[in-house]
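Peer 1: Just so we're aligned: 149 in my numbering is position 139 of the sequence shown, and the numbers increase by one with no gaps anywhere.
Virtual Cβ for every residue (Gly too), placed ideally from N, Cα, C.
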Amino acid sequence: MTTTLAIAACAVPFVAGDYYTSFATEIAITVLMLSSYRIVVLTGEWSFAHVVLQGAGAYTAAIMVKDHGASFPISLVAGSIVAAAIAAVLSMPLLKMRGFYFLMGTFAAAEAIRLLWRKFTYFGGTRGFSGISAPYFDFGGVQIDFGRSANYYFLTLAVVAACLVLLWRLERSRLGKVWKTIEQQDVLAQSVGIDTRRYRRIAFVIAAAFAGIAGVLLAYAFGSVTPNRFSLNFALYLMIWAIVGGTRTFFGVIVGGIVLMAFDESLRFAEQLRPGVYGVILILVMLFWPQGLERLIGWTGLYGRGVSKAAPVSSEGGA
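#1: Out of Glu55, Phe232, Tyr288, which has the shortest C-alpha to C-alpha gap to Ala68?
#2: Provide the residue span of the beta strand (DSSP E) that contains Tyr132, from first to last.
#3: Helix, strand or coil: how does DSSP classify Val254 here?
#4: Would you check if the distance between the CB atom of Phe117 and the CB atom of Phe58 is smaller than 8 Å?
#5: Do Ile216 and Ile17 have their C-beta atoms closer together than 8 Å?
#6: Could you compute how far the alpha carbon of Leu75 sits from the alpha carbon of Val235?
#7: Would you kindly report the start and end of the unbroken beta strand (DSSP E) that includes Asp148?
#8: Given a threshold of 16 other Cβ atoms within 10 Å of its Cβ, counted over all protein chains shown, does Val175 qualify as buried or as exposed?
#9: Measure the beta-carbon distance from Leu44 to Leu248 and round it to whole angstroms, keeping in mind my assumption that it falls under 8 Å.
#10: Nearest-angstrom Cα distance between Gly262 and Ile39?
#11: Please work out which residues of its chain come closer than 6 Å, Cβ to Cβ, to Gly89, disregarding the five sequence neighbours upstream and downstream, and give them in chain order.
#12: If I'm right that Ala19 touches Leu167 with Cβ under 8 Å, what's the distance once you round it to whole angstroms?
#13: Which partner residues does Phe139 have in the DSSP bridge list?
#14: Under three-state DSSP, which class holds Tyr313?
#15: Mind checking Ser81: buried by the 16 CB within 10 Å criterion, or exposed?
#16: Do Leu283 and Leu292 come within 8 Å of each other at the CB atom, strictly closer than that value?
#17: Out of Pro237, Phe133, Leu165, Tyr132, point me to the one whose CA is closest to Phe147's CA.
#18: Please classify Arg258: is it buried, with 16 or more other beta-carbons within 10 angstroms of its beta-carbon, or exposed?
#19: I'd like the span of the beta strand (DSSP E) that includes Gln153, first residue to last.
#20: Starting from Thr31, trace the alpha helix (DSSP H) both ways and give me its first and last residue.
#21: Does the ligand PLP have even one heavy atom less than 7 Å from the beta-carbon of Val295?
#22: Taking all protein chains shown into account, do 16 or more other C-beta atoms lie within 10 angstroms of the C-beta of Pro285, making it buried, or fewer, making it exposed?
#23: Pick helix, strand or coil for Asp205, following the three-state DSSP scheme.
#24: Taking 7 Å as the limit between beta carbons, can you name the residues of its chain near Cys173, skipping five residues before and five after?
#25: By alpha-carbon positions, which one of Ser241, Leu15, Leu303 ends up nearest to Ala122?
#26: Measuring only the C-alpha atoms, how far is His60 from Met114?
#27: Got a sec? Which residues, its chain only, sit under 6 Å from Leu180 by beta carbon, not counting five neighbours each side?
Okay, structure coming up:
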């Protein structure tokens with residue numbers, strides 16, 4: 011499955027034009043967003059703030075490029091660090107809440123940050139930033155202009171692939187098993203000495219760091235950053251895509267993101283119908299496929315065998 015996806019992804023620029031190559035770049039960024047969002051879900055929480063944390067990475071890249079002429083690698087690291095730092099600050103009040111209250115808390119925090127972007131001229135106001143120049147690398151005389159859609163697509167694909175490998179290994183580490191234990195047996199985890207709030211904070215911050223990277227990639231891809239790009243609508247769509255794809259396995263959100271982004275593109279001719287269509291899809295999935303597309307593919311059983319390995323986590327210090 012992984013090999014097939016990798017081959018198909020690498021073949022896109024050779025079989026499609028610039029428009030679909032740019033769209034494939036957007037899909038790759040969305041896959042990274044969904045995969046990082048799943049880290050928060052692994053601890054049993056859902057968040058509206060993930061999209062705004064992506065925006066923090068995008069705004070950081072825009073400021074670094076426009077005001078300081080920073081290179082792509084520096085912007086990428088800076089965007090990730092800033093998004094993680096904002097998440098660390100937000101986590102202090104937000105993670106005192108659970109469930110619905112945490113969800114509403116992230117909504118309030120996200121709207122407050124987006125309001126700051128709109129009101130302060132330092133962030134470009136409602137217009138945001140535009141004219142973000144594409145990366146340009148010069149390796150010992152070998153020059154690569156990533157302003158070309160195919161070149162930037164491969165750059166994005168390489169960054170996203172590296173991030174997915176890190177997320178994959180992280181989920182299968184002892185830390186990932188602690189997160190799954192907290193999701194399934196929160197009270198039991200606390201009773202054996204696991205500081206659940208601390209581990210939820212770690213998940214929230216790590217997820218934000220990867221969302222920041224996705225934001226930097228998005229800023230370079232579009233050459234602009236505006237507050238409306240990180241609105242509540244996109245946060246809702248991100249949540250729906252995760253639910254429809256399935257969050258029980260690593261590949262569920264990836265397949266869900268690819269399928270639903272392609273479906274979303276087909277709805278461009280009927281923009282006003284999009285919320286209603288997604289509402290119907292969400293209802294149907296919750297009624298007939300509550301575990302999402304991953305159940306149809308048959309991955310949930312694999313996840314179930316992996317969960318049993320997460321239970322023996324016995325203490326905070328051993329994680």
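Peer 2: Straight from the coordinates:
#1: When the alpha-carbon of Ala68 is set against those of Glu55, Phe232, Tyr288, the nearest one is in Phe232.
#2: From DSSP, Tyr132 is part of no beta strand (DSSP E); its letter is neither H nor E.
#3: Residue state, collapsed to three classes: helix.
#4: In this structure, Phe117 sits near Phe58, with a CB-CB distance shorter than 8 Å.
#5: With respect to the 8 Å criterion, Ile216 and Ile17 are not classified as neighbours on the basis of their beta carbons.
#6: The sequence given here places Val at residue 75; Leu does not occur at that position. Distance between the alpha carbons of Val75 and Val235 is about 12 Å.
#7: Asp148: member of the beta strand (DSSP E) spanning 146-149, first to last residue.
#8: Exposed: under 16 other Cβ atoms inside 10 Å.
#9: Right, the Cβ-Cβ distance comes to about 7 Å (below 8 Å), so this counts as a contact.
#10: Computed Cα separation, rounded: 16 Å.
#11: Gly67, Thr70, Ala71, Gly222, Gly225, Val226, listed in sequence order.
#12: 6 Å between Cβ atoms; contact.
#13: Partner(s): Val235.
#14: For Tyr313, the predicted model reports a pLDDT of 44, less than 50, meaning its position is unreliable; a value from the coordinates is still stated below. In this structure, Tyr313 counts as helix in the three-state DSSP scheme.
#15: By the beta-carbon neighbour count (other beta carbons within 10 angstroms, threshold 16), Ser81 is exposed.
#16: Not in contact: Leu292 and Leu283 (Cβ atoms no closer than 8 Å).
#17: Nearest option by C-alpha distance: Leu165.
#18: By the 10 Å Cβ count, Arg258 comes out buried.
#19: Where Gln153 is concerned, the enclosing beta strand (DSSP E) stretches over 152-155.
#20: Element bounds for Thr31: 28-52.
#21: Inclusion of the ligand PLP in the displayed structure is not the case, the ligand content being empty and no account of it being possible.
#22: Around the beta carbon of Pro285, fewer than 16 other beta carbons lie within 10 angstroms, which makes this residue exposed.
#23: Of the three classes helix, strand and coil, the one that applies to Asp205 here is coil, per DSSP.
#24: Leu42, Phe220, Ile223, listed in sequence order.
#25: Its Cα nearest to that of Ala122, the residue Ser241 stands out among Ser241, Leu15, Leu303.
#26: About 13 Å.
#27: Closer than 6 Å at Cβ, skipping near neighbours: Gly186.
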